[in-house]
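According to the UniProt record's numbering, the residues represented by the sequence shown are 1 to 292, in order. What follows is a single structure, written as structure tokens, with notes after it.
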Amino acid sequence: MVRIAYDPTPYHFNHGVLELPDIVARLGYEYMQLTPHPEFGPFHRMPKADDELVAALKKRAADAGVKIVALQPVQRISWPEEPQREAAVRNFKRVIEITAQLGVDTINTEFSGRPERSEDSEAGFYRSMEELIPVAEKEGVRINIDPHPDDFVEDGLEAWRVIRGLNSKQVGFVYVGSHSFHMGNQAATLLPQVGDRLGAVFAADTYDHHRSNGLRYITNPPGNSVRVHQHQEIGNGDVDWNELFDTLGKIGYLDREDAVIVSNVFGENEDAEGSALRQLDKIRELISGAAR
């Protein structure tokens, strides 16, 4: 049966990393996804956790009755410039090592390239994965990748093709609800193609920036190369959650023991606790009511 995990990012700004398992447990979640925390694994930099801190976090999670199901690093593994890409590979190898030390078998991440240099970024991605896949295989860690807005590949189907081109079952796909409208809003046709390579689903809502003749958001000057999306509570945006969960049910994802749905609401920190509780109830409701 699919597991429901909490992304504690709203608590990063005023809590240490060792406090997070107790917070997640208090919110009623059995599972958590460890996202970039400045004490542990900051964005785009070498992880700051030594073996002692890793062991302490593992113990705190066990004491709290919370299982860490995945780490979510963000490293420039597809960067078109070599110094940054090479540093990202070094950093990512340490992330894999930490993941294994925690007894976790999954990393959910992003391509982290540049859309204006998509060809160079894709080439960099494949170079990086030539080094990272053998390390992940050795440590028993699966890597799942999300086509994030403002990456070298944003369309969901094209991102799946890039992942499939690795020819490795060690790498899977992350479907992020908040990225639906940058990915092409094609869950019903995309996810059956991804099939058992779907490694994680992130549950947060967003507005469809294509609506209102493209004027749902206005940036000045017009034509800015910006990507706008939110990570709001389910129901506070335009994502068709019934269609998404029906699709997940039909492809068997909701009945897989290794499947995970991560609640990752970022935009409502003033009510983080209430939001987390409502998200848990809503995700359970969607799972229960999904087509099979």
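Glycine residues also receive a C-beta, built at the ideal position from the N, C-alpha and C atoms. Bear in mind that the values here come from a model prediction, so they are computed numbers and not experimental data.
E116 to R216 span [Cα, whole Å]: Taking the first residue of the sequence shown as position 1, residue 116 is located at position 116. Taking the first residue of the sequence shown as position 1, residue 216 is located at position 216. About 24 Å.
Residue from R94, V135, P221, V228 with nearest C-alpha to P42: For this step, residue 42 is matched to residue 42 along the sequence shown. Selected option, being the one with the closest Cα: R94.
Residue nearest to F92 in terms of C-alpha spacing, selected from E52, V135, M32: Translated into the one-based positions of the sequence shown, residue 92 becomes position 92. When each option's Cα is compared against that of F92, the closest is V135.
Residue environment, P147, which counts as buried when at least 16 other CB atoms sit within 10 Å: For the purposes of this step, residue 147 is identified with residue 147 of the sequence shown, where counting begins at 1. It counts as buried.
Cβ-Cβ distance between D205 and G237 below 7 Å: By 1-based counting over the sequence shown, the position of residue 205 is 205. By 1-based counting over the sequence shown, the position of residue 237 is 237. Yes. Within cutoff.
Where Q186 falls, given that 16 or more other Cβ within 10 Å makes a residue buried: In the sequence shown, counting from the first residue as 1, residue 186 sits at position 186. With fewer than 16 Cβ atoms within 10 Å of its Cβ, Q186 is classed as exposed.
Cβ distance (whole Å) where V89 is taken to contact E131 below 8 Å: Mapped onto the sequence shown, residue 89 falls at position 89. Mapped onto the sequence shown, residue 131 falls at position 131. Between E131 and V89 the Cβ distance is about 5 Å, and since that is below 8 Å, they are a contact.
Given R211 as reference, the closest of A203, N220, V228 once Cα atoms are compared: Here residue 211 is taken as the residue at index 211 of the sequence shown, counted from 1. Cα-wise, what sits closest to R211 is V228.
Residues of its chain near M46, where Cβ-Cβ distance is below 6 Å and the 5 sequence neighbours each way are ignored: Counting from one through the sequence shown, the residue named residue 46 turns up at place 46. Answer for M46: N91, listed in chain order.
Buried/exposed call for N144, threshold 16 Cβ in 10 Å: The count along the sequence shown starts at 1 and reaches residue 144 at position 144. By the C-beta density criterion, N144 is buried, having at least 16 other C-beta atoms within 10 angstroms.
V141 versus E243 - alpha carbon distance: Against the sequence shown, residue 141 aligns to sequence position 141. Against the sequence shown, residue 243 aligns to sequence position 243. Going by the C-alpha atoms only, they are around 30 Å apart.
Residues that L248 bridges to, as DSSP identifies them: The residue given as residue 248 occupies position 248 in the sequence shown. None, per the DSSP bridge assignment.
Range of the contiguous beta strand (DSSP E) that encloses V2: For the purposes of this step, residue 2 is taken as the residue at position 2 of the sequence shown. V2 -> no beta strand (DSSP E), and no H or E assigned at all.
Distance, P8 Cα to L34 Cα: The residue labelled residue 34 in the question sits at position 34 within the sequence shown. The residue labelled residue 8 in the question sits at position 8 within the sequence shown. Answer to the nearest angstrom: the Cα atoms are 7 Å apart.
Neighbourhood of A276 by C-beta distance below 7 Å, restricted to the same chain and skipping five residues each side: The residue labelled residue 276 in the question sits at position 276 within the sequence shown. Sequence-distant partners of A276 (beyond 5 residues in either direction) whose C-beta falls short of 7 Å from its own C-beta, in its chain, are Y6, L27, S263.
Extent of the continuous beta strand (DSSP E) run through Y29: In the sequence shown, counting from the first residue as 1, residue 29 sits at position 29. Going by DSSP, Y29 is part of no beta strand (DSSP E) at all; its letter is neither H nor E.
One or two residues paired with R142 in a DSSP bridge: The sequence position of residue 142 within the sequence shown is 142, counting from 1. Secondary-structure assignment with DSSP links R142 through a beta bridge to T106.
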